[in-house]
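Input: a single structure, listed below in structure tokens.
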Amino acid sequence: MGQVSFAKSLSPGFAPVSESGVERLNSLFSQAGYDRASNEVVIKTTNYHAQPMVAEIELAGAERVAATGRHLLIKSTSPSDQNTLDQPLRIVPAEKPLESCSRKFTVTLPPYSVNLLRVPAE
57 MGQVSFAKSL SPGFAPVSES GVERLNSLFS QAGYDRASNE VVIKTTNYHA
107 QPMVAEIELA GAERVAATGR HLLIKSTSPS DQNTLDQPLR IVPAEKPLES
157 CSRKFTVTLP PYSVNLLRVP AE
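Each residue of the sequence shown is one higher than the last, beginning at 57 in this note's numbering.
This is the structure in structure tokens:
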């Protein structure tokens, strides 16, 4: 589902991300771009595998990268989960700090998740 959504809605200024060395490539889809208004690299990525995935991020061409960014995500314990009238908050967006950012860093993508990484960089 995430791959279809991202593939059909490639945002202006965004490009598919190189995913060399990814074992479960069919479980990951990413695209990245630069938000000039906020001076942030924006990475959209999904992990629709049942296991967490460690993604290595390389911001090639960035001269300066902030030490912290933001990780916004929506995740679930199962791909069949959905919000209902009885459980309207089963799947909700969350935000957490993205620590140890640099030109090259790693981030763990939870299972069954859609992730938005925002990293201040120039």
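Yeah, the Cβ is synthetic: ideal placement off N, Cα and C, and Gly gets one too.
query, result
"For residue 114 and residue 174, believed in contact at Cβ under 8 Å, the rounded distance", "Going by Cβ atoms, the distance from residue 174 to residue 114 rounds to 16 Å, so no, they are not a contact pair."
"Under the three-state DSSP convention, the category residue 169 falls into", "strand"
"Proximity below 8 Å, CB of residue 117 to CB of residue 176", "no"
"3-residue-minimum beta strand (DSSP E) runs that sit fully inside the stretch 95-144, ordered along the chain", "96-103, 109-114, 125-131"
"Assigned secondary structure, residue 83 (DSSP; H/G/I helix, E/B strand, else coil)", "helix"
"Buried versus exposed call for residue 100 [16 or more other C-beta atoms within 10 Å across all chains shown]", "buried"
"Pick from 97, 168, 165 that is closest to residue 121, judged by C-alpha positions", "97"
"Cα-Cα separation, residue 152 to residue 127", "5 Å"
"C-beta atoms of residue 105 and residue 167 nearer than 8 Å", "yes"
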